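For reference, the structure is listed below as structure tokens.
Residue numbers (this note's numbering): 10 to 281.
This is the structure in structure tokens:
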């Protein structure tokens, strides 16, 4: 019998992460789903001996975009759920997403509430900055600081995204040139242009350990984020938007540096 949902987990050397991620899926109240683990050439044995899931092994690290595409092509579900290997889904995650998808048949994408281990929000859905970078709504806030209700957003974070398979069949899969970072932004923009909306579902929650495949401020991450936002702009933006985008990039980096300086100043005061 065809499953309703296909959950796809892209894994790369996640020996200390993947077991807890899979355990959170075993605890789901919604049971009509299959789990597909796409292993991106891991060398730590993290994909060995996995039970109750389909394992697709790639010979080397093909990136987040290619990994998810491989999983989607092998999936049988009416809905496609993406879950990072460093994320833990609450037991109602799939149930709440399926419930929302059945309630709003005109919506093609659904965003989860993504929390950090410190209890702050990582994402309640995403938007696109004027310079082409994906922006997570609510990041760094506590739940009580955010009006936590259903609302339309631009696209879901790829950490815990939920898509109608029919939408992906219509607009196409992830652009594999992105490798990792902003591939979810590009897909979300393409979906919006095709007339599909995205809904944030606050009752569908995952915990995200954040940037375990590349550290939060690594040069590798910086390279892919900046390269990919430029690629995204040339794919999806108008000439006018591209022309003025350097202004917004300057503002974004200024705010990042100011925030880092403020954080360092507070750390120094606490140390004193």
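The C-beta atom is built at its ideal place from N, Cα and C for all residues, glycine as well. Because the structure is a prediction, the values reported are computed rather than measured.
Margin query: For residue 218, tell me which candidate among 206, 131, 28 has the shortest Cα-Cα distance.
Written below: Closest by C-alpha distance to residue 218, out of 206, 131, 28, is 131.
Item checked: residue 189 (DSSP reduced to helix, strand or coil) -> In the structure shown, residue 189 adopts coil according to DSSP, grouped into three states.
Margin query: Using only the alpha-carbon positions, how far apart do residue 249 and residue 82 sit?
Written below: For residue 249 and residue 82, the distance between alpha carbons rounds to 36 Å.
Notebook entry, point to check: Going by the beta-carbon positions, is the gap between residue 86 and residue 174 smaller than 8 Å?
Noted result: Yes, they are a contact pair.
Margin query: According to DSSP, is residue 123 part of a helix, a strand, or is it coil?
Written below: Reduced to three states, the DSSP call for residue 123 is strand.
Checklist line | DSSP state of residue 212 mapped onto helix, strand, coil | finding: Strand, per DSSP.
Check: Between the Cα of residue 196 and the Cα atoms of 166, 213, 215, 232, which residue gives the shortest distance?
Finding: Nearest option by C-alpha distance: 166.
Margin query: Please state whether the Cβ-Cβ distance between residue 66 and residue 95 is less than 8 Å.
Written below: No; because the gap between Cβ atoms is not below 8 Å, this pair is not in contact.
Notebook entry, point to check: Once you ignore the five residues that flank residue 78 on each side, which residues in its own chain have a CB closer than 7 Å to its CB?
Noted result: So the qualifying residues of the chain are 182, 183, 185.
Next item on the list: Could you tell me if residue 32 is buried or exposed, where buried requires 16 or more neighbouring beta carbons within 10 angstroms of its beta carbon?
Entry: Classification for residue 32: exposed.
Notebook entry, point to check: Using the rule of at least 16 other Cβ atoms within 10 Å of the residue's Cβ for burial, across every protein chain shown, is residue 55 buried or exposed?
Noted result: Residue 55 counts as buried, since no fewer than 16 other beta carbons sit within 10 angstroms of its beta carbon.
Next item on the list: Can you tell me which of 190, 206, 21 puts its alpha carbon nearest to the alpha carbon of residue 159?
Entry: In terms of Cα proximity to residue 159, the closest of 190, 206, 21 is 206.
Notebook entry, point to check: Among all the DSSP beta bridges, which residues are the ones paired with residue 54?
Noted result: The partner list for residue 54 (beta bridge, DSSP) is empty, contrary to what the question assumes.
Item checked: Nearest neighbour of residue 70, chosen from 21, 103, 39, 84 [CA to CA] -> Ranking 21, 103, 39, 84 by Cα distance to residue 70 puts 21 first.
Notebook entry, point to check: What residue does the alpha helix (DSSP H) around residue 107 start on, and which one ends it?
Noted result: Its alpha helix (DSSP H) spans residues 102-112.
Note to self: Assuming residue 178 is part of the alpha helix (DSSP H), what are its boundary residues?
What the structure shows: First-last of the alpha helix (DSSP H) with residue 178: 174-180.
Check: How should residue 203 be labelled, buried or exposed, when 16 other C-beta atoms within 10 angstroms of its C-beta is the threshold for buried?
Finding: By the beta-carbon neighbour count (other beta carbons within 10 angstroms, threshold 16), residue 203 is exposed.
Notebook entry, point to check: Cβ atoms of residue 155 and residue 128: under 8 Å apart, would you say?
Noted result: No.
Notebook entry, point to check: Distance, Cα to Cα, residue 146 vs residue 135?
Noted result: If I take the Cα positions, the gap works out to 5 Å.
Next item on the list: Tell me, to the nearest whole angstrom, how far the beta carbon of residue 261 is from that of residue 178; I am working on the premise that it is less than 8 Å.
Entry: By a beta-carbon distance limit of 8 Å, residue 261 does not contact residue 178. Their separation comes to about 35 Å.
Check: residue 15: which of 28, 23, 27, 34 sits nearest, CA to CA?
Finding: Nearest Cα to residue 15 within the set 28, 23, 27, 34: 34.
Notebook entry, point to check: If you draw a straight line from the C-alpha of residue 123 to the C-alpha of residue 59, how long is it?
Noted result: Looking at the two C-alpha atoms, the distance is approximately 26 Å.
Next item on the list: Tell me whether residue 262 sits in a helix, a strand or coil according to DSSP, three-state version.
Entry: Residue state, collapsed to three classes: helix.
Check: Got a sec: is the Cβ-Cβ distance from residue 99 to anything in chain B below 8 Å?
Finding: The chain labelled as chain B is not found in the depicted structure, where only one protein chain is given.
Checklist line | C-alpha distance - residue 117 paired with residue 176, whole-angstrom precision | finding: Cα to Cα, the separation comes out at about 6 Å.
Item checked: Which listed residue (144, 46, 41, 40) has its alpha carbon closest to that of residue 76 -> For residue 76, the nearest C-alpha among the options comes from 46.
Next item on the list: Taking residue 135 as part of the beta strand (DSSP E), name the residues at either end of that continuous run.
Entry: Start and end: 135-137.
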